[in-house]
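If you're matching positions, the sequence shown starts at 3 in the working numbering and goes up one per residue.
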Amino acid sequence: MILTIIFILSLCVYILYRISTRKFDYWQKKNVNYVQPTPFLGNYSGYILLKENLLDVVYNLSKLFPNDPYVGAFFGTKPTLIVKDPEFIKLVLTKDFFYFTGKECFEYTHKEVITQGIIFTYGDRWKVIRQNVTPLFSSSKMRSMFRIIEHCSGVFENLLDEESLAPEVEMKSLMSRFTMDCIGGCVFGVDINAMQEPKDNIFTTMGCLFLETTTSRGIKNVVKAIWPEIFYGLGFKVFPTDIHKFFSKLLVRIFEARDYKPSERTDFVDLLLNLKKNRHIVGDRLQKIKTGDEGADSKFELEVDDGLLVGQCLAFFSTGFETSSTISNFTLYELAKNPDVQKRAQKEVDEYIKKHNNKLDYDCVKELPFVEACIDEALRLYPLFGVISRQTGERYTFPTGLTLDKGDRVHIPVYHLQRDPEYFPEPELFKPERFYGEEKKNIRPFTYLPFGDGPRICIGMRFAKMQILAGLVTILKKYTVQLADGMPETIDIEPKAIVTQPAISLRLKFVPRNDLQKRIFA
3 MILTIIFILS
13 LCVYILYRIS
23 TRKFDYWQKK
33 NVNYVQPTPF
43 LGNYSGYILL
53 KENLLDVVYN
63 LSKLFPNDPY
73 VGAFFGTKPT
83 LIVKDPEFIK
93 LVLTKDFFYF
103 TGKECFEYTH
113 KEVITQGIIF
123 TYGDRWKVIR
133 QNVTPLFSSS
143 KMRSMFRIIE
153 HCSGVFENLL
163 DEESLAPEVE
173 MKSLMSRFTM
183 DCIGGCVFGV
193 DINAMQEPKD
203 NIFTTMGCLF
213 LETTTSRGIK
223 NVVKAIWPEI
233 FYGLGFKVFP
243 TDIHKFFSKL
253 LVRIFEARDY
263 KPSERTDFVD
273 LLLNLKKNRH
283 IVGDRLQKIK
293 TGDEGADSKF
303 ELEVDDGLLV
313 GQCLAFFSTG
323 FETSSTISNF
333 TLYELAKNPD
343 VQKRAQKEVD
353 EYIKKHNNKL
363 DYDCVKELPF
373 VEACIDEALR
383 LYPLFGVISR
393 QTGERYTFPT
403 GLTLDKGDRV
413 HIPVYHLQRD
423 PEYFPEPELF
433 KPERFYGEEK
443 KNIRPFTYLP
453 FGDGPRICIG
463 MRFAKMQILA
473 GLVTILKKYT
483 VQLADGMPET
493 IDIEPKAIVT
503 QPAISLRLKF
513 VPRNDLQKRI
523 FA
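See the structure below:
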């Protein structure tokens, strides 16, 4: 009996081993230099075992074979090409975008309501949604939304007067409350009151659920990314159902409050109401990118159902508050470490608020080039998505003759590119001058990709920067930030986070600046 059990177990292990290694000669057959993989784990063991963030793993792999435009690797059991040459990245993201429209596991995005949003979806569905949502981010709409951000900044200034009295401030909580109130007003037209009523705030709870960094969420992220057929086949979901249930009910309440008619706000809710009213949305098929065909078949019609509406709602909520607060925190952390840079940023802020009589204006996005350069440099050091993933929708051949099969993975090592001394000398140093004035023109295309590039470049990039600038101006005009006692000058990245997050809590001191009235009105 014991021998039988041992035999069966051994047979099962052998079968699993053979299944997990059956593609491990993939890159050898294609004459691509690759790293010898480990059974089950491939070359991503640190990520799969939740010991390293994905960006760290890909960063280390990218340094191998430095003269090659790409490196063959195995994401668990999946063949994955790490494309690190800017010219080849250009092919993937722009020139030959048709073949790389979807992210990893794109064929499973219908399995969850959240992944039906513009961030995760793919193909003609993505193209049509993108075309119909883009008008929300026009300059006129952004200017209109800035009035809400200006109001939130006033509330934020009062909050800072209280928080700054503490010997140190926990930055994640502080900045996420500000950006959450901004996104609530700009996107949904509701007062979230996260800054004034942080305790038991349902929006805060939903935000934490969406991007939690627990071990269980980390395991789900890994299994879903590498073996989605098993993950979804067993009935698992990455995101709790409470999230989409809450936002479904929220949308209904907002729609009812507006009598299911677009208002004069022309905000995100109005956009959704128009989509709901029309019941269908129409746009160009992706095939048009490849062929340029203007025929009848070049159009694609998409039914507007609740899943589509809630998916977009969740996409803008999650990216709107979390990414902006994270970028703000990294920027302030680096300013605290570099007091000379901070003084220069404060000087620019002082000139701005003096010119505008201590009022925030939409023009801050144009009149604060050095502060914006600080944000860009923080994004270079800490890109929110340190790896851009793509999956081939059709067979594709690179100029080198390498052919990728349909379904192959591609990883673009953003973190590696942005810390490569060939493209950014002294890459570990915080030097906003790289992005200031004429220096910005020296950055080689497709080496700086914090928001991606090409047709799938982040649609909310301008909105995010608008929020961040408003928050930084509100802080820097009245305070100097310093590292809290015991705060290290280098930080690791949280292994289990989807979006780049520090592994430790960022804590800063807020030291009041003198002579605010004199600086404004002198």
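Idealized CB from N, CA, C, for every residue including glycine. Fair warning: this is a prediction, and the values are worked out from it, not measured in the lab.
Is the CB-CB distance between residue i and residue j below 8 Å?
i: residue 104; j: residue 79; result: no
i: residue 159; j: residue 512; result: no
i: residue 329; j: residue 377; result: yes
i: residue 304; j: residue 127; result: yes
i: residue 215; j: residue 498; result: yes
i: residue 167; j: residue 481; result: no
i: residue 367; j: residue 351; result: no
i: residue 425; j: residue 446; result: yes
i: residue 388; j: residue 417; result: yes
i: residue 313; j: residue 503; result: no
i: residue 413; j: residue 84; result: yes
i: residue 184; j: residue 232; result: no
i: residue 123; j: residue 131; result: yes
i: residue 86; j: residue 415; result: yes
i: residue 308; j: residue 191; result: no
i: residue 324; j: residue 59; result: no
i: residue 248; j: residue 204; result: yes
i: residue 510; j: residue 171; result: yes
i: residue 476; j: residue 175; result: no
i: residue 448; j: residue 379; result: no
i: residue 106; j: residue 393; result: yes
Quick one: what does DSSP say residue i is sitting in, helix, strand or coil?
i: residue 406; result: strand
i: residue 380; result: helix
i: residue 484; result: strand
i: residue 399; result: strand
i: residue 274; result: helix
i: residue 101; result: helix
i: residue 496; result: coil
i: residue 170; result: coil
i: residue 164; result: helix
i: residue 145; result: helix
i: residue 501; result: coil
i: residue 319; result: helix
i: residue 288; result: coil
i: residue 26; result: coil
i: residue 263; result: coil
i: residue 510; result: strand
i: residue 491; result: coil
Distance check for residue j and residue i, CA to CA, integer angstroms please.
i: residue 343; j: residue 335; result: 12 Å
i: residue 189; j: residue 182; result: 10 Å
i: residue 338; j: residue 508; result: 11 Å
i: residue 186; j: residue 315; result: 11 Å
i: residue 264; j: residue 311; result: 15 Å
i: residue 173; j: residue 474; result: 13 Å
i: residue 178; j: residue 221; result: 25 Å
i: residue 285; j: residue 306; result: 13 Å
i: residue 560; j: residue 492; result: Since the first residue shown for the chain is 3 and the last is 524, residue 560 is missing from the structure and cannot be characterised.
i: residue 70; j: residue 402; result: 11 Å
i: residue 397; j: residue 385; result: 30 Å
i: residue 370; j: residue 47; result: 43 Å
i: residue 421; j: residue 441; result: 17 Å
i: residue 94; j: residue 340; result: 37 Å
i: residue 456; j: residue 96; result: 5 Å
i: residue 144; j: residue 33; result: 49 Å
i: residue 228; j: residue 49; result: 11 Å
i: residue 28; j: residue 484; result: 51 Å
i: residue 454; j: residue 25; result: 30 Å
i: residue 359; j: residue 89; result: 47 Å
i: residue 320; j: residue 206; result: 11 Å
i: residue 357; j: residue 146; result: 21 Å
i: residue 439; j: residue 57; result: 30 Å
i: residue 400; j: residue 489; result: 46 Å
Any heavy atom of the ligand NAD within a distance shorter than 7 Å of the CB on residue i?
i: residue 283; result: What this structure holds is no ligand at all, so the ligand NAD is not there to describe.
What residue ranges within the stretch 187–259 form continuous alpha helix (DSSP H) runs of no fewer than 4 residues, ordered along the chain? 204–212, 217–228, 230–235, 243–259
Runs of 3 residues minimum, wholly inside the stretch 31–66: which ones carry the beta strand (DSSP E) assignment? none
Could you tell me which whole beta strand (DSSP E) segments of length 3 or greater appear in the stretch 322–401? Listed in chain order, the complete beta strand (DSSP E) runs (minimum 3 residues) inside the stretch 322–401 are 390–393.
Give the list of continuous alpha helix (DSSP H) stretches no shorter than 4 residues that lie fully inside the stretch 400–483. 416–420, 463–478
Is it a yes or a no for the stretch 425–434 touching the stretch 61–75, going by three-plus beta-carbon pairs under 8 Å? no
Within the chosen definition, does the stretch 359–372 reach the stretch 399–419 through at least 3 CB pairs nearer than 8 Å? no
As an exercise, report each continuous beta strand (DSSP E) stretch of at least 3 residues that is fully enclosed by the stretch 73–143, in chain order. Taking only runs of at least 3 residues, the beta strand (DSSP E) segments lying wholly in the stretch 73–143 are 80–85.
The stretch 136–150 touching the stretch 450–466, judged by at least three CB pairs closer than 8 Å: yes
Decide yes or no for the touch test of the stretch 204–214 against the stretch 272–281: beta carbon pairs closer than 8 Å, at least 3 of them. no
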